[in-house]
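Worksheet for the structure shown next.
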Amino acid sequence: MEVTALCIRLLMNVLFLLCDQKVDSVSLRVEPNKLQFFEYDNVTFHCEGTYGWSGWKVAHKVKKDFQCKLTTESYCVIKDIYPEEGGKYWCEDGKGERSDSINITVTGGSVILESPALPVTEGDVVTLRCRNKNTSSDLLTGFYKDGVLISSSSTGEITICRVSKSDEGLYKCKTSDGGESAESRLTVRAPHTETPPCSDDMFFIFRNIIPVVLMAPLLLLLGLLHCGNLRGSCSRCVM
């Protein structure tokens with residue numbers, strides 16, 4: 620009985636290796652990569668990390684009847700977005716699983732601040748741009764963090780060469796013609812210490828699944844031989 624239990628345990632471990640291919644956590648990405656949009660802009664949402672998953676959709680906190688189900692390419696597009704379509708968006712499925720949310724702003728005004736939609740990593744180079752819908756020429760622009768003026772620019776942008784946690788906060792910009800953007804949060808996270816998830820399906824398969832499939836027959840063979848040896852030794856020892 621002990622030999623049989625050991626063999627079953629070994630075979631279950633092999634099956635566990637075959638089955639334990641976890642799906643990467645799902646994240647929402649916005650394209651263009653920014654948090655503020657002018658009215659009538661086009662916005663694309665991508666649910667990434669949905670390997671082998673079905674039923675995912677993009678959800679909107681304000682519009683409960685919002686439906687933007689994903690295509691086979693795992694993205695959906697909102698054309699001619701309106702101010703009331705601003706707010707929190709996330710990816711979710713029918714089982715209650717959901718990604719982190721992204722809070723976008725849609726304005727009917729003339730000025731927006733272009734800042735990264737997703738958290739940036741400490742040490743990254745981050746550029747903030749002030750866009751004026753009514754003019755293509757550069758205006759003297761003031762950039763504010765948490766309500767305090769931190770920089771002025773004649774080019775309409777500022778660059779943080781090595782962003783740190785101290786740079787985290789609410790940012791907005793004001794132009795010399797009186798235009799002012801809404802506030803958007805810049806979130807800074809610590810550097811990753813683990814290998815980032817694969818974003819390409821084929822690379823994910825070759826990196827994770829195929830090695831396990833190739834090893835499975837060898838593990839099964841070793842398990843059967845091991846069980847056979849145990850049975851042989853036990854039969855020799857039985858009086």
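As numbered in our numbering, residues 620 to 858 make up the sequence shown, in order.
Built from N, CA and C at the ideal position, the CB exists for glycine as well.
For residue i, three-class secondary structure by DSSP
i	result
S770	strand
E658	coil
K653	coil
E703	helix
S646	strand
S803	strand
D819	Because D819 sits at a pLDDT of 45, beneath the cut-off of 50, its placement in the model cannot be relied upon, and the following sentence gives the value as read from the coordinates. DSSP places D819 in coil when its eight states are reduced to three.
Neighbour-count burial assignment, residue i, 16 or more Cβ in a 10 Å radius
i	result
G798	buried
I697	buried
S795	exposed
T778	exposed
E650	exposed
K653	buried
V782	buried
E703	exposed
T760	buried
V677	buried
P738	exposed
V744	exposed
C780	exposed
A809	exposed
G742	exposed
K784	exposed
Extent of the continuous beta strand (DSSP E) to which residue i belongs
i	result
G871	This structure leaves residue 871 out entirely; the chain is present only between 620 and 858.
C695	Y694 to I697
E733	V730 to E733
G761	T760 to K764
N751	V745 to N751
H679	K676 to H679
L737	Run containing L737: none; DSSP gives neither H nor E here.
V725	I721 to T726
T778	E776 to I779
Beta-carbon separation (whole angstroms), residue i vs residue j, contact threshold 8 Å
i	j	result
H679	Y708	6 Å
A801	T726	6 Å
E787	V807	5 Å
C695	V645	At roughly 14 Å, the Cβ-Cβ gap does not stay under 8 Å, so C695 and V645 are not in contact.
Residue i: CB within 7 Å of a non-hydrogen atom of the ligand SAH
i	result
A801	Among the components modelled here there is no ligand, and therefore nothing to report on the ligand SAH.
Minimum Cβ-Cβ distance from residue i to chain D less than 8 Å
i	result
D743	Absent from the structure is chain D; it holds one protein chain and no more.
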